[in-house]
Each structure stands twice: as structure tokens, then as C-alpha cells.
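Step one of this worksheet: look at the structure below.
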Amino acid sequence: MPTEVSNPDLAFTAVRRQRQKRVCYFCRKPNHVMKDCFIRKRIEAQKKPRFYNSSRKNKDLEALALSSEVQETSTKHVWILDSGASAHMVKERIWFENFVSSTSEVFLAGKDSKLKSYGIGNVKAKNVYKGRDIKIENVIYVPELRYNLISLTTLMSKGFKCVSKVDSMLIIDKHGNVVTKAFKRNNRLEIDLKPLNEYNIECNLVENPNDSYEIWHKRLRHLNQQYMIQMKSVIDFNLNSNFQCDSCDLGKITRKFHPPITNDQSNDVLELIHADLCGPVHVESLGGSKYFLIIVDDYSGMYFSFFLKSKIEVLSTFEKFKAKYENLHDKRIKHLRTDNGLEFLNKEMTAYLNKFGIMHEKTIPYNAESNGKAERAIRVTVEQARIALYESNLPLNFWTEAVAYNTHVSNLTPRKGKAKLPIEIWERKTPKLSCLKVFGCLAYFHVPKVKRKKFHMPGKRRIMLGYARERRGYRIYDIEQKCVIEERAVKFNESVKGCKYLNNSPENLWEIDTLINNEDVNVKLKAKSVHLDSNPGTADAPLDEIISKIGRPLGSTKERSEEINQKRILEIEQDLLNRGVRRSERLKEMKNANIVEIPKDYFEAQSKPNWPNWKTSMEDEIKSLNKHKIWELVDKPDNTKIVKSKWVYTIKDSKTPKFKARLVATGFNQVKNVDYLESYSPVVNIDTFRLLIALAAKLNLAVNFFDVKTAYLHSDLEE
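Throughout, our numbering is defined as the position within the sequence shown, counted from one, plus 221.
Shown next as C-alpha cells:
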């Protein structure tokens, strides 16, 4: 028969014994259960993670991860059971079954550092322990993690139980089923899982534990760190946020952004002007200019262009600009902003600016942005001038007219940041645009009565080039007189290009008198000519040789150059030219040769569009020199000046232009009786040549001409 226990001491002892048998599943310590575990309560009291919610997707995800300093191993398929992590985390995106991008921060326990997370999703993986598929919800994607983490706190909050054993831990669901098993390795609990996406594992995932971040950075063409983080989903490497690539620093460095200058805007015209020089232009203009100076008024945005033959003219041009426009506006120039070109940084310019109290603002070397308005003005002007020349089909020596034309029109068009047109601000009146005409169009010029006969046509065709600068009128090109004139009585046909008549006019052809530099030579266009060869292709060859040798120093002795009589040479040339010139064929060939511009030096030849032709000619010249053994390498004598060399280019006058390149020695740098005693030419003497031609004509002999590609047919010369 059972008896009732009424002694309270015995009851307390029984309860105490029962408690001693209990073990906390959370901290694995005896004498309490998990719901009373103070360690669990302390962790739960800390900041809880905020998981992704569709209504709060713009908020950051925050989590707490345990930072452990252990030796790094290949942990691609290993998940660590972490009691300090407040959320599940994975370092590779390949695990996710579904994924939502979201940027947040992950704080590391025991450190002040934090990592970035890039989204959240569900992970579906194969459990290696039982071979079943398991699903882990709300997993945060943190690429910079060392290991994949499973939060013990999160598991228990979902109703899972963790049963600890000597060398492992069982994870049991609500129904008492063992989901997986964590094994104790390296003083931590690890769960072996495998991604279900075998294709990505086998094909996309490149596994090489020995490959470091630096190696993969080089393999991927020095990819930046942001893209390297994204590549971590298909490549197994450890991120190194402190890595700095020296090659990237050298090769990817860019100029520092130049912020727009907004605090130095001028308040009136002439208060601040920008200036810059453009050139040298590879083609001289009609007036011989090779540079143009651009001046920009900061307040109005007005452009002014001035054409110069040399940089020395910059100061005188600026003086004229200053005097003219200071008088026009009754204001003074206060600031001048330029680059560091020597045309602006010289004693004369500095003294002039100091004299009138003009502050000279200079840019930092190799920072053209500091003088951006002048640089942009040059760029825009050159672009528009280039288009105008191309559209009008005018020769490049009209570039000054194209620049002046576009400078004028540019002042009639809006500027960025300006409410009014530049000309409106500058002249304080509204411009009239009805006078604008197309550059290069056909113009009809009225000839005054005093300059024409009774039945002569009162009009002549001209080419429109721009607008007069100091008067009301147009600048037009006189096709017959080959000059630019300014006229008012002009009629235009803007649908017809003026170059149509320029190409058929005499000014595009080379005149014989200009070649021999004698205006009194009158070349008769008669059909009389001396028949020198039955081959019509070489009938005009003597004229080529005569013209090409006019003006050259003659002879082989030192006294010959002193005995030359220029007047006598011109008389002989006139006599020869009057005897046998077939003007139509010769001028046609000269016109074809004139189309190609002859470079002055090697660097200019490289910039030409027909550089391959010049290069081939230069290679032929070098081969010829080597074949004839023109030079011999010797040691440099003491106290002796070395004679330099240069390339000389020309085009042979023929139906098909032939490019010629000669490598010559600059002997003009030598001093007579010091560096040499006598000069000698390996070519035939001009007097001997003329004598042979005269004898052939007198005796009715056939003369054969040959094209010798090199001047060193007989190269052995002894002084």
C-alpha cells in the first residue's frame, strides 16, 4: 500500500537530483534547461537581425557574425554551426535557390570591422550525412566571409533542437527527426552540404586552393575589386580588401577631374580675356600665315581670330587688340589668361603687361583645362573651318578665310550659359542675319564701268570667302587676279560651289615664269618644238631637267660659283623654253603634281596621307645607298664636327606622279677651308648638258633619256 511523503526535505532532494541530470541544449552545461539558460537570454537580448521583407526592401540587412582566427582551408562544401551568429550566411551565390538583391552591413563580433552583404534568399542543398535535400531560409549573401555559417540561435527560434555529443551535434526538427549532423573538426562544428546545382559546380566553379586573389586578379585582366567580388560566385579564392596592384596604379591612373570654375566669372566686357595660339598649320595660307591667335572675352563669349606668320607677332597683335577695343568700350583689360607658351611668357610680353597693370594668369603646365575657354574656342573654330573647306572643295591654303568666316558666324550663335548672343552682349544691339551666305559658294561681282570696255560683261564670277572686317561688304576671291578683295555689289548663288570655276582657271596651274622666278619670261604657246625622240612619252623630258636645275649651284670647282651671271642664265632659259614647250601637256602634268603636297622633313612626311608612298621611296633610297657603298663607318676624329643628314622629298613631273626621297648631308654647316677645301658634284655639268642638247638638235640626232633612281650612279669620289 503506497504511503504519502509528507517530509518537505525529501521532496526538495528529489527535485535537486532531477535537475542535476538535466543538460542545457544551448550551452551544454548541466543543472539547467535551455529555456532558463542565461547565455541564451543574453544573446537574444542583443540586436536581432532584420530579414528581408517586401515592404521594407530598401532598409539595410544587419547581422552579427562570429569572427574566428583559424587557419584557412578549402571550405567550399562546409558550413559552420555558429552559436554567435544571429543569421545564416553564405559566401558564394551559387548556393541560392532564389535570391533578392539588397545591400546591407554585417558586423563582426569582437571587432569593430564590418562587411557588406548583397542580398538574401533561400538555400537548397544536399545533406551529405543522410543524402537528403534540405532547405535553409533567409540566408544572407556576404562574399567576404571566410566560411558559410549556420546560426544556432536561428535554428532554435524555428523550433529545432540541438543535441550535443562528444564529437558531434545532432539537429532535430519539431517532429523528432534528425535533420543533419555536425561533426567537430578544428575545434568547431561543421556540417557537410553540397549545392544541388551540379552544372555550376562542375563547369563554372574553378577550384584551385593554391590560387590567390593576386593571381586571379592578373588572370582576369586586372579586374577591379567590385567585379572581383561578383566573380567569387564562380571562382574559389579569398578576398583581400587590402590588396593594391602596382600595375593597376600605373596603368589605370587618370587625370584628376578638373572642377568647373564658377567663382571667377567676369562682370563686364574686357575684364577677363582668354588667349591661345594655334599652329603651326602645315599649309601656308594665301597671305603666308602659319598661325592664328584666338582671343575670347569671358563676359560676352566673343571670339576674335588673328593670323600670324610667326610667333613673334603675338605681342604686336595683342597691342592692336588692346588699343582698339579698349577705345571702343572705354574700358580696360584687367586680366589675361594664357597657357605657358613662350609666345606669352617672354620679357617683352611681361614688360608690356606690367606697364598697363594687366594681371597675367598662367595655367599649370600640361593642364589645358585651366584655359578651357580658349582651348574650346580653338577646337570649335578648327572643326568648323575644316568642315567648311571640305564642303566647299577649296584648297587648304584658304584655311585663314575659313577660320575668319567661322569666327564671325560663331559670334552670331548662342553660347552655353549665356542668355544672349555674344554679339548682342558685345555691341549691345540685335544682329541681322540676313547677310549670311554659304562659305565657298559662287559669287557674281559687278565690275565698275571705268574698269571694263563697252561690250565687256559687267559681271564676273568670284568665290565667297567671308565678310569684310573694317567695312560693310563681303570678302570674295578674284579668280583671275588670284587675290582676295572686299566688295559690296555682290550677288550669290548658294547652291553652286565656286570651286567649279577655280579648278578650270589658270591660277591652279603652275606658271613657267613662277618656276624660274623671272616675270619677263614670255612662254609662247606655239606648236614649234625640237623633235628629240620618237617616243612621245619622253619628248618633254629636257624641260623637266632644265626647270629642275634652274637656281641650283653649278659646277665642280670652288671658283665656278663665283663666276655665275644670273642674267645670262635667265637669257639661256628663256631661249630654251621658247624653243620647245608644249604648254598644254606640261601644265597638265604640273597640275597633277601640284595636287600632292611635298613635305619639308621626315616628321611632316609621316603626317601626310600618302606616307606609304614616301616610305617606299625612302626604303629604295636606303637600299641604293647600301648597294653602292656610299658610306663607311669610321671612328669620330677629335675636334671634328659631324655633318648631319636630312631627307629631301620631291615629286617627279610626269603623267603618273613619282615620289622621290633623297638622303642628303647638310654640308652647308661646314666651314670652307676648315672642314673642306673643294666641293664636287657627281652629276653632269649644266653647260655640258646644254651643249649636248644643242648638238643633237643641230645634227638631227635622237636623244635617249633614262630615269636613274639614285644620284650615286658612280659613287667612288676622292677629294
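Backbone N, C-alpha and C define an ideal beta-carbon position, used for all residues, glycine too.
Fair warning: this is a prediction, and the values are worked out from it, not measured in the lab.
(request) State the CB to CB distance for the pair H443 and I371, rounded to an integer number of angstroms; the pair is presumed to be in contact (CB under 8 angstroms). (result) Contact doesn't hold; Cβ gap of about 36 angstroms is too wide.
(request) Let me know if A595 comes out buried or exposed under the rule of 16 or more other beta-carbons within 10 Å of its beta-carbon. (result) buried
(request) Note down, in chain order, each residue of its chain lying with its Cβ closer than 8 angstroms to the Cβ of S462, except the 5 sequence neighbours on either side. (result) E365, Q446
(request) Could you spell out where the alpha helix (DSSP H) holding M377 opens and where it closes? (result) 373-378
(request) For the beta strand (DSSP E) containing E708, list its first residue and its last residue. (result) 704-708
(message) Within a Cβ cutoff of 8 angstroms, which residues of the same chain sit near F542, ignoring the five residues on either side of it in sequence?
(response) I516, F525, F527
(message) Would E318 and V344 be called neighbours here (beta carbons separated by less than 8 angstroms)?
(response) yes
(message) Taking the alpha-carbon of S433 as reference, which of L493, P416, N459, D856 has the nearest alpha-carbon?
(response) N459
(request) Locate the beta strand (DSSP E) running through T401, then write down its first and last residues. (result) 399-406
(message) Tell me the rounded alpha-carbon separation between L753 and K881.
(response) A caution first: L753 carries a pLDDT of 32, below 50, which makes its placement in the model unreliable, though a value can still be read off. Cα-Cα distance, rounded: 26 angstroms.
(request) Output yes or no for whether 8 angstroms exceeds the beta carbon distance between V311 and Y350. (result) no
(message) I'd like the span of the beta strand (DSSP E) that includes N575, first residue to last.
(response) N575 -> not in any beta strand (DSSP E); alpha helix (DSSP H) instead, spanning 568-576.
(request) Please name the residue in C383, T324, R367, S322 whose C-alpha comes closest to that of C248. (result) C383
(request) For N575, count neighbouring C-beta atoms within 10 Å of its own C-beta (all shown protein chains included) and say buried if the count is 16 or more, exposed if not. (result) exposed
(request) Using DSSP bridges, identify the partner residues of E648. (result) Note: E648 sits in no beta bridge, so no partner.
(message) Can you tell me where the beta strand (DSSP E) holding H438 begins and where it ends?
(response) Careful: H438 lies outside any beta strand (DSSP E), inside the alpha helix (DSSP H) at 434-440.
(message) Within 10 Å of its beta-carbon, does W647 have 16 or more other beta-carbons around it, so buried, or fewer, so exposed?
(response) buried
(request) Taking only the alpha-carbon atoms, compute the straight-line gap between S506 and I697 and give it to the nearest angstrom. (result) 15 angstroms
(message) Can you tell me whether N831 is helix, strand or coil according to DSSP?
(response) coil
(request) Report the option in S468, V455, E604 whose CA atom is closest to the CA atom of E435. (result) S468
(request) Pull up the distance between the alpha-carbon of I585 and that of N627, whole angstroms please. (result) 30 angstroms
(request) Would you kindly report the start and end of the unbroken alpha helix (DSSP H) that includes C245? (result) No alpha helix (DSSP H) contains C245, which DSSP labels as neither H nor E.
(request) Thinking W620 and V504 are a contact (beta carbons under 8 angstroms), I'd like their distance in whole angstroms, please. (result) 7 angstroms
(message) Using beta carbons (cut-off 8 angstroms, strictly below), is G508 in contact with chain D?
(response) The question asks about chain D, but that chain is absent: this structure has only one protein chain.
(message) Among V624, S866, N359, whose alpha-carbon lies nearest the alpha-carbon of K379?
(response) N359
(message) For I554 and Y546, what's the separation of their Cα atoms in angstroms?
(response) 9 angstroms
(request) Pick helix, strand or coil for T324, following the three-state DSSP scheme. (result) strand
(message) Using a Cβ distance threshold of 8 angstroms, determine whether the stretch 655-664 contacts the stretch 685-692, with at least three qualifying pairs required.
(response) yes
(request) Can you give me the Cβ contacts of S838 inside the same chain, cut-off strictly under 7 angstroms, excluding the 5 residues immediately before and after it? (result) F880, K881, A882
(message) In this structure, how does DSSP classify Y698 when only helix, strand and coil are distinguished?
(response) strand
(message) Applying the 10 Å Cβ sphere with the 16-neighbour rule, what's the burial state of S943?
(response) Because the chain in this structure spans residues 222 to 940, residue 943 falls outside the shown range and cannot be described.
(message) Please report the straight-line C-alpha distance between V924 and D841, rounded to a whole angstrom.
(response) 27 angstroms
(request) Give the range of the alpha helix (DSSP H) segment to which V624 is assigned. (result) 620-631
(request) Please name the residue, chosen from A403, N398, K395, that lies closest to S389 on a Cα-to-Cα basis. (result) A403
(message) Buried or exposed, going by whether 16 or more other CB atoms sit within 10 Å of the CB of L336?
(response) buried
(message) If you follow the alpha helix (DSSP H) that T538 is in, where does it begin and where does it stop?
(response) 534-550
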